[in-house]
Amino acid sequence: SGSNIRGLALTNFFYSGIYIETTSNNNTIAGNYIGSIGANGQILATTTYNGIWVDNASNNRIGGSLAADRNVLIGVPSSAILVDGAGSVGNVVQGNYIGVMPNGLSAAVSPGEGIAVTGGASNTQVGGLGAGQGNWIARTDFSAISLVDAVGTIVQGNRIGTDVAGTANWGTGSSAGMYLDDNTRGSLIQGNVVALSGDNGGILLTDTAGTGNAIVGNMIYGNAGMGIDLGWNGVTANDTGDGTVGPNNKE
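Residue numbering for the sequence shown follows the numbering used here, starting at 35 and increasing by one per position.
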């Protein structure tokens, strides 16, 4: 606990580039290059299976609003950043580049997913509305941000699937830009750019997604599928009354 993990270039690890194990709390992970990105910003032939994995640990900070705090993760085949387990409470993931080169001018394919919050992890902050707090995620084969059995996650100010100008196609493969599943509940998804994602659309709530998820003030465009899909079954018709059940109570 209380460690500062900074300034490393990590590749060719089977398990995880950085692993924060159970009850290791209050750590800072900042300014690292992980996966198929070398210390000088060059693309490597090697990578690491997971990038950063927080496993049942709390109040850890991954990245930050300053450029020096930014972790750059490229070419990770599983999860670039994974926050997992009911013992993971109050973790912050901000200002990281996933699939985006350090200079922000180009993107490289990452065959896995971007940021995943899973397994009952709660009160996770992914991005933010302040300067430099949003994560920038591009060209992942699977969803840029996945919430699976996540509780009270705040997802704000992230840029998914495009460049600064908002025109380059750096979107996901066939997957949705954001994916909510398995009783994910109480989320706030606000002020994000979700662009040019695959057939599963911009923001997808599966038929097992939970309730109380607010999706407000996002810019969602250019996706092959629907902008927001409740239930993974196409257009959800308006109904009368408030008695509907289903993903987010179909609201």
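Glycine included, each C-beta is placed from N, C-alpha and C at the ideal position. Note that the structure is predicted; figures quoted are calculated from it, not measured.
Check: In the DSSP assignment, what are the bridge partners of tyrosine 255?; Outcome: Ala229
Check: Please report how far the alpha carbon of serine 177 lies from the alpha carbon of isoleucine 223, in whole angstroms.; Outcome: 15 Å
Check: If you drop the 5 nearest sequence neighbours on each side, which residues of the same chain put their C-beta closer than 6 Å to that of leucine 78?; Outcome: Thr45, Ser70 and Gly72
Check: Please identify the residue among Ala141, Gly98, Leu139 and Gly261 whose C-alpha is closest to the C-alpha of asparagine 125.; Outcome: Gly98
Check: Give me the residue from Ile194, Val88, Ala210 and Ser144 with the minimum Cα distance to serine 156.; Outcome: Val88
Check: What's the gap between the Cα of methionine 253 and the Cα of valine 228?; Outcome: 6 Å
Check: Round the Cβ separation of valine 182 and threonine 218 to the nearest angstrom and send it over; I've been treating them as touching at under 8 Å.; Outcome: 6 Å
Check: Short check: CB of asparagine 30 to CB of leucine 116, under 8 Å?; Outcome: Outside the shown range of the chain (35 to 285) lies residue 30, about which nothing can therefore be said.
Check: What three-state label does DSSP hand alanine 142 in the structure shown?; Outcome: coil
Check: Report the partner residues of glycine 41 according to the DSSP bridge assignment.; Outcome: None; glycine 41 has no bridge partner.
Check: What do you get for threonine 187, buried or exposed, if any count of 16 or more other CB atoms within 10 angstroms of its CB means buried?; Outcome: buried
Check: Considering only the beta carbon of each residue, do isoleucine 96 and isoleucine 68 sit closer than 8 Å?; Outcome: no
Check: Residues in its own chain within less than 7 Å of alanine 165 by CB, not counting five upstream and five downstream?; Outcome: Ser99
Check: At which residue ranges does the segment 149–185 contain complete beta strand (DSSP E) runs of 3 or more residues, listed in the order of the chain?; Outcome: 159–161 and 179–182
Check: By DSSP, does alanine 101 sit in helix, in strand, or in coil?; Outcome: helix
Check: What is the rounded straight-line gap between the Cα of leucine 214 and the Cα of glycine 36?; Outcome: 31 Å
Check: Checking 8 Å against the spacing of the C-beta atoms, do glycine 133 and threonine 82 come in under that value?; Outcome: no
Check: Please report the distance separating the alpha-carbon of leucine 230 from that of glycine 121.; Outcome: 34 Å
Check: Once the 5 residues before and after serine 209 are set aside, which same chain residues still bring their CB inside 6 Å of it?; Outcome: Phe176, Ser177, Gly232 and Asn234
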